[in-house]
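Peer 1:
Take a look at the structure:
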């Protein structure tokens, strides 16, 4: 497994100013973890097009909002998977 | 004094999604009252360019944030002035 | 008097929308005309197939389906926002009317309110 | 360990920024390296001439001027956001460094935190 | 229509933002004082959502900061204005009066007089009776 | 690095969003349970800003909704995890323990055990001691 420099946890909907700000702060060795309203970004075509690192989405939040995701773009993870990502990343930033 | 159809009270900073939404909902006979973080829009050039009605800004909020405004674009009003506007408008919407 | 209650925040992430729904249901319970309008991220309230058991919340989809029964006159949604969030007609719960949101719409109501 | 405390909400409208400042001052009080970064509407913290008496709040400009004394290592502000809010160099309080905010900046700190 | 000739208005003020989180209670009190000074009536104050925290009897800000719950209580008492916190918003958020304390067998009550707890019916009535209902929302952080 | 070979981590969880206003306490408890189930340690929970409302002893949600303050209290007690509400955030927002009740001569106290009130020093220490400090913020409405 490739190591993650920084895991960015994003709980804001794509309309929120902090959403776009998080994307511009993502480095090439960083990963993005969408939770809560952040998972709505899986429906807004193109909003995440600039992200070169892996994008994860919390599955209970996807299911709550009635969203199915394309596994080739978004990796659904459960709470255990989210915990694992926080241990694999060098640091974690919650937006 | 020209009558105001709807007075829109806007307390969000220009970065907030509800800010832009309020602007698109402004009719030609409506007026805009900037309060709290909304008064920051007096500094963001062009953000209010589409507004055809009168724009008011609450002076204690302007002063708090260190802002001076161009009176030809923005009419500073105090709390009494804000009260008067709510009585002069046919209806009031707080965003 | 007729009231437009606006929901512009996504479901489950915060309580504003639920409290807006309570406002709409209260108006209806007192026989006051009321319509719900979904804007911005709020249009995600209208997506079919919500299953919030995994986050221990109650389905807002179920809450909303009770709106006509309680006497809420309409469920409106901003058409462009539906598109932005990938909501085609087939993805929406029943009874939603897509609209253009501007002063023409708002001027049809005597009150327009947000819950927060 | 060095911490970047981020303020991205405007002063006076909410308490998040004040609580972020408390975090920064606490770190400094315990001799931990800390830097403040102002982003988005948060850059309005840095405008000279704030006079919040009319809204019965304490001046955040005064709070901020104490930052170097308390041991906060730097006050950074996103350059583009300063421009967007009409903040030229002369409008800023003393001691602010304008920066480009991206992964290069964040990677210089072991922790990056928001207060809410 | 100018102020000189206009009838006094009656206002209901709805506050949905919490003190020490949003500016809503401050702006609302500035508005309320100005409305009273201009000869208008305030029918009631209705606290909704996070706004219910304004009715806290336990809020204890530093002594050099305004005490918004106390300032609001004093204004309501001085002008005999009813202050109502929405029951559904309040119970979830841990604001309870003596009756709710007993009903839910809680250890304490914490609603500051003269605020009382009541349902959204009070808000519906406000829309029918007051000439204007003015909302003061939170800033939502951005 | 895979889970099988990694050492257990120690976490501090910081919650800045209130229950019944934000999803933060819910997501955080899902994360906390998963961390414990994965063999990691949770050093402490720190409530900051609006997050302090999670320590309310008086929160009374409808019986068919989760009681987040109670669920959190039970988790903390079951695993002997310290739960701390920041004193400055708590006092402003009307969350007080017995000591603060006496000091400020208030009518009641309303902090739910095992939560205690303490200063930001606890948070500073968390940053030094825990392998990870994970923040759960409010959604800020948008």
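Chains as they are written, first to last, in my numbering: chain B, 21 to 115; chain C, 21 to 115; chain E, 222 to 337; chain S, 222 to 337; chain Z, 24 to 165; chain F, 24 to 165. Glycine is no exception: its CB is placed at the ideal position from the N, C-alpha and C atoms. All of these numbers come straight from a predicted model, not from anything done at the bench.
1. Quick check: what's the CA-CA separation for residue 113/F versus residue 330/E?
2. Of the choices 282/S, 262/S, 292/S, 328/S, whose alpha-carbon is the least far from that of residue 338/S?
3. Apply the 10 Å Cβ neighbour rule to residue 206/E and answer buried if 16 or more other Cβ atoms are within range, or exposed otherwise.
4. What ranges does the alpha helix (DSSP H) occupy inside the stretch 70-107 of chain F, keeping only unbroken runs of at least 4 residues that lie completely in it?
5. Reducing DSSP to helix, strand and coil, say where residue 300/E ends up.
6. Give me the chain B residues within the contact set of residue 35/C, using Cβ-Cβ distance strictly less than 7 Å, ordered along the chain.
7. Looking at C-beta atoms only, is the number of pairs between the stretch 29-44 of chain F and the stretch 135-145 of chain Z that lie closer than 8 Å three or more?
8. Scan the stretch 73-107 of chain C for residues whose Cβ lies nearer than 8 Å to a Cβ of chain S and list them as they occur along the chain.
9. Mind checking residue 223/E: buried by the 16 CB within 10 Å criterion, or exposed?
10. Which stretch, first to last residue, makes up the alpha helix (DSSP H) that contains residue 99/C?
11. So what's residue 27/B in DSSP terms, helix, strand or just coil?
12. Are the C-beta of residue 50/Z and some C-beta of chain C separated by less than 8 Å?
13. How would you list, in chain order, the residues of chain E whose beta-carbon sits under 9 Å from the beta-carbon of residue 65/B?
14. Looking at C-alpha atoms only, which residue of 282/E, 327/E, 294/E is the closest neighbour of residue 239/E?
15. By alpha-carbon positions, which one of 67/Z, 118/Z, 88/Z, 116/Z ends up nearest to residue 100/Z?
16. Since residue 33/F contacts residue 64/F with CB under 8 Å, what's their CB separation in whole angstroms?
17. Fully enclosed by the stretch 38-71 of chain Z, which alpha helix (DSSP H) runs are 4 residues long or longer?
18. Give the interface partners of residue 56/B over in chain E, defined as CB-CB distance under 8 Å, in chain order.
19. For the candidate residues 336/S, 334/S, 325/S, whose alpha-carbon lies nearest to that of residue 49/B?
20. Between residue 106/Z and residue 93/Z, what straight-line distance do the alpha-carbon atoms span, to the nearest angstrom?
21. Given this structure, state the Cα-to-Cα distance separating residue 48/F from residue 149/Z, to the nearest angstrom.
22. Can you have a look at residue 290/S and say buried or exposed, based on whether 16 or more other CB atoms are within 10 angstroms of its CB?
23. Return the CA-CA distance between residue 24/F and residue 159/F, expressed in angstroms with no decimal places.
24. List, in order along the chain, the chain E residues whose C-beta lies closer than 7 Å to that of residue 45/C?
25. Select from the stretch 272-293 of chain E all residues with a C-beta closer than 9 Å to any C-beta belonging to chain F, and list them in chain order.
26. According to the Cβ coordinates, are residue 29/B and residue 108/B closer than 8 Å?
27. Determine contact between the stretch 117-137 of chain Z and the stretch 77-92 of chain C, defined as no fewer than three beta-carbon pairs at a distance below 8 Å.
28. On the DSSP bridge list, what partners appear for residue 42/B?
Peer 2: Let me spell this out:
1. Rounded to the nearest angstrom, the two C-alpha atoms are 41 Å apart.
2. Not covered by the structure: residue 338/S. The range shown for chain S is 222 to 337.
3. No answer is possible for residue 206/E: it lies beyond the span of chain E, which begins at 222 and ends at 337.
4. DSSP runs (the alpha helix (DSSP H)) wholly in the stretch 70-107 of chain F: 91-102.
5. It is helical.
6. Chain B residues near residue 35/C: 37.
7. Using a Cβ-Cβ distance cut-off of 8 Å, the stretch 29-44 of chain F and the stretch 135-145 of chain Z are not in contact, since fewer than three pairs of beta carbons, one from each stretch, lie closer than that value.
8. Of all residues in the stretch 73-107 of chain C, those with a C-beta nearer than 8 Å to a C-beta of chain S are 79, 80, 81, 83, 84, 85, 86, 87, reading in chain order.
9. Exposure of residue 223/E is indicated by the presence of fewer than 16 other C-beta atoms within 10 angstroms of its C-beta.
10. From DSSP, the alpha helix (DSSP H) with residue 99/C extends over 99-108.
11. Strand.
12. So yes, residue 50/Z belongs to the interface.
13. When 9 Å is used as the limit between beta carbons, residue 65/B is near these residues of chain E: 305, 307, in chain order.
14. Checking every option, the nearest Cα to that of residue 239/E belongs to 282/E.
15. Checking every option, the nearest Cα to that of residue 100/Z belongs to 67/Z.
16. Cβ-Cβ separation between residue 33/F and residue 64/F: approximately 5 Å, consistent with a contact (criterion under 8 Å).
17. As far as the stretch 38-71 of chain Z is concerned, its whole alpha helix (DSSP H) runs of at least 4 residues are 47-60.
18. Simply 233, 234.
19. Checked all of 336/S, 334/S, 325/S; the closest Cα to residue 49/B is 325/S.
20. The alpha-carbon atoms of residue 106/Z and residue 93/Z are separated by roughly 13 Å.
21. Taking the straight line joining both Cα atoms gives about 34 Å.
22. Classification of residue 290/S: exposed, given that the 10 Å Cβ count is below 16.
23. Bear in mind that the predicted position of residue 24/F carries a pLDDT of just 40, short of 50, making it unreliable; the figure below should be weighed with that in mind. Rounded to the nearest angstrom, the two C-alpha atoms are 26 Å apart.
24. Under a criterion of Cβ atoms nearer than 7 Å, the residues of chain E adjacent to residue 45/C are, in order, 322, 323, 324, 327.
25. Answer in chain order: 275, 276, 277, 278, 279.
26. Residue 108/B is positioned such that its CB atom lies no closer than 8 Å to that of residue 29/B.
27. Touching, no, given that fewer than three Cβ pairs across the two stretches are closer than 8 Å.
28. Residue 42/B is not bridged to any residue.
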